[in-house]
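Student: Here you go, one structure.
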Amino acid sequence: MELFTLELATARQRLNRAELALERANAMLDEDCGVGINLRLCDRIRAARQRVGEAKARLVNLGPASTD
C-alpha cells in the first residue's frame with residue numbers, strides 16, 4: 119500500500135508540474151516577444167500539453183485516490 123501511495127503522489131506531482139509549465143508558457147506567449155520566441159513557445163506549449171496528458175493518463179491508470 120505504501121508503494122501505491124508513493125506512486126500516486128508522484129503522479130500528482132508530475133501533473134501539477136506539467137500544468138504549471140503549460141500555464142507559464144501560455145502566459146509568456148501573451149507577451150509580445152517576437153516571432154522567433156513565439157515559435158519556440160509554441161513548441162514548449164505543445165510539449166507541456168503532451169506531458170499534462172501523459173500525467174493525467176498515469177494518474178487515471180493508478181486508480182482513484184481513497185479519501186478514507
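This note's numbering puts the first residue of the sequence shown at 119, with every later residue one more than the last. For glycine and all other residues, C-beta sits at the position ideal for the given N, C-alpha and C.
Rounded to whole angstroms, what is the Cα-Cα separation between residue 170 and residue 137?
Tutor: Position 52 of the sequence shown, counted from the start, is the residue given in the question as residue 170. Position 19 of the sequence shown, counted from the start, is the residue given in the question as residue 137. If you take the alpha carbons of residue 170 and residue 137, they lie about 6 angstroms apart.
Student: Have a look at residue 166 and residue 141 and give me their C-alpha separation to the nearest angstrom.
Tutor: Here residue 166 refers to the residue found at position 48 of the sequence shown. Here residue 141 refers to the residue found at position 23 of the sequence shown. Distance between the alpha carbons of residue 166 and residue 141: 9 angstroms.
Student: Count the other C-beta atoms from every protein chain shown that fall within 10 angstroms of the C-beta of residue 159, then say buried if there are 16 or more, exposed otherwise.
Tutor: Within the sequence shown, the letter at position 41 stands for residue 159. Looking at its Cβ environment, which holds 16 or more other Cβ atoms inside 10 Å, residue 159 is buried.
Student: Does the beta-carbon of residue 145 have 16 or more other beta-carbons within 10 angstroms, so that it is buried, or is it exposed?
Tutor: Working through the sequence shown from its first residue, we reach residue 145 at position 27. Classification of residue 145: exposed, given that the 10 Å Cβ count is below 16.
Student: Just to confirm, are residue 174 and residue 124 a CB contact at a threshold of 8 angstroms?
Tutor: Counted from its first residue, the sequence shown places residue 174 at position 56. Counted from its first residue, the sequence shown places residue 124 at position 6. Against a cut-off of 8 angstroms, the Cβ pair of residue 124 and residue 174 comes out as no contact.
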